[in-house]
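In this note's numbering, the protein residues as written are 747 to 863.
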């Protein structure tokens, strides 16, 4: 399938897959029992206050692995184009992995862009 014919959702999945592959090259042992996924939107109450999450780490248990999820629609709404979407996906995954491992995001990926910058 030619790249031009891929849907927005497929391109987003590819972005996440590429970033996960990049992170697992460095953190393979630590991420062995972590599953990565893309969901359209988070499961939140319709009238809940606060920002809509862009990603989350869902605890495992009962034979299920820990799951890091990136929510496609909120990320696409937040980003102003494909380049920013790619940067945001990278930063979200780095933040989730860092939180899971108890490390600073810059330790997980030196190219991490701190939101305070």
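Note that beta-carbon positions come from the ideal geometry of N, C-alpha and C, so glycine has one too.
- Within the same chain, 754, 758, 831 come within 8 Å of residue 822 by CB-CB distance, once the 5 residues on both sides are set aside.
- When C-beta atoms of the stretch 805–813 are compared with those of the stretch 777–789, three or more pairs fall below 8 Å, so the two segments count as touching.
- Under the three-state reduction of DSSP, residue 783 is assigned to strand.
- In the three-state reduction of the DSSP assignment, residue 803 falls in the strand class.
- Contact between residue 835 and residue 761 holds, since their C-beta atoms are separated by about 5 Å, short of 8 Å.
- A distance below 8 Å between beta-carbons, with the five flanking residues on each side excluded, links residue 847 to the following residues of its chain, in chain order: 773, 776, 854.
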